[in-house]
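Novice: The sequence shown begins at 27 in our numbering and counts up one residue at a time. Glycine residues also receive a C-beta, built at the ideal position from the N, C-alpha and C atoms. Take a look at the following structure, please.
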Amino acid sequence: MKHALDAQRIGDTRGYLPIEDHGIIGDLHTVALVGVDGTIDWCCLPRFDSPAVFGSLLDARIGGSFSVKVREVERTKQMYMPDSNVLLTRFLAQHAVAELYDFMVPDHPSCPASGARQIIRQVRVLRGRATVEVCCRPAFDYARAPHTVRLVEGAGAVFTSSAGTLVLRSSVPLQADGDAVHATVTLEPGESLGLAAQWGEPGDGTLRPLDCPDATQLLYKTLQYWDGWLRQSNYQGRYRETVERSALALKLLVYQPTGALVAAATTSLPESPGGGRNWDYRYTWIRDAAFTLYALMRLGFTEEAAAFIDWLHQRCVQAPPGTGLQVLYGIDGRPDLPESVLEHLCGYNGARPVRIGNAAAQQLQLDIHGELMDSVYLYNKHGEPISYELWEALARQLEWLEKHWEEPDDGIWETRGGRQRFTYSALMTWVAFERAIRIARHRGMPAPVERWLDTAAAAYRFVQDQCWTPELGAYCQYPESATLDASLLVMPLVKFAGPKDPRFLSTVRSVEEQLVSDSLVHRYRTDGSDGLTGGEGTFNLCSFWYVEALARAGRVGEARYIFEKMITHANHLGLYAEEIGPAGEALGNFPQAFTHLALISAATNLDRAVGSHHGSAARQWHTG
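Put into structure tokens, the structure is as follows:
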């Protein structure tokens, strides 16, 4: 093995990879985004909502990164190791092939060193001679906290700042260069290089070099963990690989200590080029988490569902008397998430602002109670019976909803243009009470069932009498508006309307005329009335809702065609951001939980519809 230390600063002039040119790795506390070029350009340590340590995704000049590259490479390819979240980046050249294994050790007793938040990177050369360049330049606290670098001969380096410490263990010598360390190493076939970036000081105060056999053992244990976890899946449909990749992505977004699930791993990736609609998604939305519970539970992952139910119970218990649940919380359950702008960061590809925190936590979004009760109902039915304590806490929330459901709110899309009596919020109010009544009757739980029946009926009539617009031939976004809203595609999904109900089918046709473009669905038309500037792409969640609505309505061939087109819009690893731009590019935070859970729901229902459709066709042909 030949070592060549090089004074060149690697990575400073690097631009911005497309959002979709990333994979993610994680340890159930946080994740790291790894570009197709071998650069980690986003990682918050020690957990999802901590300040970024590597953040060049939001400022390529000062944001910090951790790159591993191979010289004279002609192309790179990325894949996940089968049935796992271990990422493999392959560097391909005429005379050499090298592979980079990236992973984090899951927080699980079966994995050694699982208590440490660390990123393991291992390079192996398969053919020819490869020159590998390593550069690690953290930027603590979103590049606001300067740091010092201390080399430990033969072992690695320690980066120390007021915001924390990052330890880099290495199997090869490193050289300091200002606030970074780097190495250039030539590897022969069969040789390898190992790196481990760990948050916090070494446990015993000493720094030992990373032995490649140690890294290999961690790799195998990590592969075993993911394989064992995925074996719990009971999905056997035609889209198995796609569904299981979505399940693995969702699992990476779960914060293991509390069971909370973040909406996405990033902040401020723009929903439109140039920015404006840039938000921090590293928190737990009641709505997103409730839908995700449903998606994972229907695949057989009941442990995650139970953990979220516990987290939810705590939020209900801790809600001040006489108040409803917040829209979103920190992953540790904290309610205070003040929103601010990091003016010193230029944003992804110059798209500002860069926001941390989320003011939507203080919004009123009445629909969350419907998604919540629907998921609790399904957990009670298909998971474990809910406790009396949780039932009492939920009943208090429903008592609050009874008094407030007729108020204007900010709606599912978190608009900032003023409150309205959104149709979707009333629809989900009906869901909340309808599911609560089912639980009460099934379990014999104490409940004011007659009063709940009256409230459910009032919400139902409000949607039918005031939100149906004959001129549009559709349910509108709120009474007397001329705006269509793709969220209403869920009506048959939540059993509010039959899938072939004339009003619903008419709404689908109107959505197709005004919101669907090349089978992709906009959530609503952005004309500035939502209080936000700039446009946005099509919304992946709504596109998968559209697939499911078509499948339930009997338009199975169309649903299957659109679903398989949607699969082509995933990135090379099967991951989705929030939106898709005009040229098919990913927009918004990445990867987004809502999209992957909607994919799972659409795939499972499409499977059922395709099977039924084929069976009916066969019977018709046989008897004809």
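Contact between the segment 252 to 272 and the segment 172 to 179: three or more CB pairs below 8 Å?
Specialist: no
Novice: Which class does L126 belong to by DSSP, given the choice of helix, strand or coil?
Specialist: strand
Novice: Count the other CB atoms, across all protein chains shown, that sit within 10 Å of the CB of S82; report buried if there are 16 or more and exposed otherwise.
Specialist: Counting Cβ neighbours within 10 Å, S82 comes out buried, since at least 16 surround it.
Novice: Kindly list the residues whose CB is nearer than 7 Å to the CB of L623, restricted to its own chain and excluding five residues on each side of it in sequence; keep chain order.
Specialist: L276, F317, T318 and A321
Novice: Just checking: is the beta-carbon of R477 within a distance shorter than 8 Å of some beta-carbon in chain C?
Specialist: Included in the structure is just one protein chain, with no chain C present.
Novice: If you run the structure through DSSP and keep just helix, strand and coil, what is Q282?
Specialist: coil
Novice: Does the Cβ-Cβ distance between G726 and S294 come in under 8 Å?
Specialist: Because the chain spans 27 through 650 in this model, residue 726 falls outside it and cannot be assessed.
Novice: Report the residue from T441, A619, P44 and C342 whose alpha carbon sits nearest the alpha carbon of L416.
Specialist: C342
Novice: Anyone know if the C-beta pair for G154 and T115 falls short of 8 Å?
Specialist: no
Novice: Helix, strand or coil: which one does DSSP assign to K95?
Specialist: strand
Novice: Identify the residues that DSSP records as bridge partners of A612: which are they?
Specialist: I606
Novice: Do L453 and M399 have their C-beta atoms within less than 8 Å of each other?
Specialist: no
Novice: From this set, S188, V573 and R234, which residue's C-alpha is nearest V198's C-alpha?
Specialist: R234
Novice: Report all residues from its chain with a CB closer than 6 Å to the CB of S401; omit the five preceding and five following residues, and keep chain order.
Specialist: Only A316, L319 and Y320 meet the Cβ criterion.
Novice: Applying the 10 Å Cβ sphere with the 16-neighbour rule, what's the burial state of A609?
Specialist: exposed
Novice: Which ranges would you report for the alpha helix (DSSP H) in the segment 512 to 562 if only whole runs of at least 4 residues count?
Specialist: 528 to 540
Novice: Quick check: V151 and L244, are their CB atoms within less than 8 Å of each other?
Specialist: no
Novice: Report yes if the CB atom of I463 is closer than 8 Å to the CB atom of W478, and no otherwise.
Specialist: Inclusion of I463 and W478 in the CB contact set at 8 Å is warranted, their separation being smaller than that value.
Novice: Can you check which of these residues, W225, G359 and T349, is closest to L427 by C-alpha distance?
Specialist: T349
Novice: For N631, which residues in the same chain have their Cβ closer than 6 Å to its Cβ, ignoring the five residues on either side in sequence?
Specialist: E574 and A577
Novice: What is the DSSP secondary structure of C69, reduced to helix, strand or coil?
Specialist: strand
Novice: Quick one: using the 10 Å Cβ neighbour count with 16 as the cut-off for buried, is I483 buried or exposed?
Specialist: Looking at the sequence provided, one finds Ala at residue 483 rather than Ile. That one is exposed.
Novice: Compare the beta carbon distance of A189 and D205 with 8 Å and say whether it is the shorter of the two.
Specialist: Contact: no.
Novice: My understanding is that I312 touches A241, with C-beta atoms under 8 Å, so please give their C-beta distance in whole angstroms.
Specialist: Actually they do not touch by this definition, with Cβ atoms about 39 Å apart.
Novice: In whole angstroms, give me the CA-to-CA distance for A603 and N111.
Specialist: 17 Å
Novice: Do the CB positions of V57 and A273 come within less than 8 Å of each other?
Specialist: no
Novice: Taking only the alpha-carbon atoms, compute the straight-line gap between Y501 and T284 and give it to the nearest angstrom.
Specialist: 39 Å
Novice: What span of residues does the alpha helix (DSSP H) with H339 cover, start to end?
Specialist: T328 to Q344
Novice: Along the chain, where does the alpha helix (DSSP H) containing V475 start, and where does it finish?
Specialist: V475 to Q492
Novice: Could you name the residues of the same chain whose beta carbon sits closer than 6 Å to that of V60, not counting the 5 residues immediately before and after it, in chain order?
Specialist: G49, I66, L113 and D128
Novice: By how many angstroms is the C-alpha of G637 removed from the C-alpha of V582?
Specialist: Within the model, the alpha-carbon separation for V582 versus G637 is close to 10 Å.
Novice: Please report the distance separating the alpha-carbon of T232 from that of G182.
Specialist: 11 Å
Novice: Taking only the alpha-carbon atoms, compute the straight-line gap between W494 and L192 and give it to the nearest angstrom.
Specialist: Roughly 57 Å between the two C-alpha positions.
Novice: DSSP three-state label for V79, please.
Specialist: Strand at V79.
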